[in-house]
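Start counting the sequence shown at 0; every next residue gets the next number (numbering that gives the first Met the number 0).
First the structure, in the form of structure tokens, and then the observations on it.
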Amino acid sequence: MELKRTNYSSGAPLEEKVGYSRMVKVGPFIYIGGTTSVQPDGSIYGEGSAYEQTKYVLEKHVELLEKAGSKKEEVIKVKVYATDMKFVPDIAKAYSEIFKEVKPLCTVVGTPMLNRPTQLVEIEMDAVIGAIAE
């Protein structure tokens, strides 16, 4: 069975230069790649705040899902990379504000660094259109 694949770009210059998509939809399956709180002008949103960065990225992901015909209720997995595990309470607070009722899988992984020292979290997300919990 063949499934239609659609690549989505966020417009970041590196996407074209390096050759990656921000989000890929294959049939009903949606995969959003690692995203940080870099704003369109290149600055970091919520610099110094894991809560603000997490909330910003999760809201960005929900907007991307909507472009692909999905919604937050169809998210099945979220993976957060944090540069310090002391940020977990702040990450959890932002996460719960968006996903408390949805309850997707969630993993937080500690990593020594991201692309820039001011980036505290990077988030990946998977969703399946039609996968709404009962």
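Ideal placement from N, C-alpha and C gives every residue a C-beta, glycine not left out.
Check                                                                                                                                                                          : Outcome
In whole angstroms, what separates the C-alpha of threonine 106 from that of glutamate 46?                                                                                     : 23 Å
Strictly by DSSP, which residues pair up with valine 79?                                                                                                                       : Val107 and Ile122
Assuming arginine 4 contacts valine 23 (C-beta within less than 8 Å), just tell me the rounded distance between them.                                                          : 7 Å
Quick check on glutamine 118: buried or exposed, where buried means 16 or more other Cβ atoms within 10 Å of its Cβ?                                                           : buried
Flag this pair as yes or no: are the beta carbons of threonine 53 and glutamate 121 separated by less than 8 Å?                                                                : no
What residues in its chain sit with their C-beta under 7 Å from that of asparagine 6, if we drop five residues either side in the sequence?                                    : Ser20 and Val23
Starting from threonine 139, follow the beta strand (DSSP E) in both directions and report where the run begins and ends.                                                      : Summary: the structure shown does not reach residue 139, with the chain confined to residues 0 through 133, and so no result is reported for it.
What whole-angstrom Cβ distance do isoleucine 128 and serine 69 have, given they're in contact under 8 Å?                                                                      : 5 Å
Within the same chain, show all residues whose beta-carbon is closer than 8 Å to that of alanine 11, passing over the 5 residues directly before and after it, in chain order. : Arg21 and Val37
Measuring alpha carbon to alpha carbon, tell me which residue in Leu64, Val79 and Gly41 is nearest methionine 112.                                                             : Val79
Got a sec? Which residues, its chain only, sit under 6 Å from valine 61 by beta carbon, not counting five neighbours each side?                                                : Lys71
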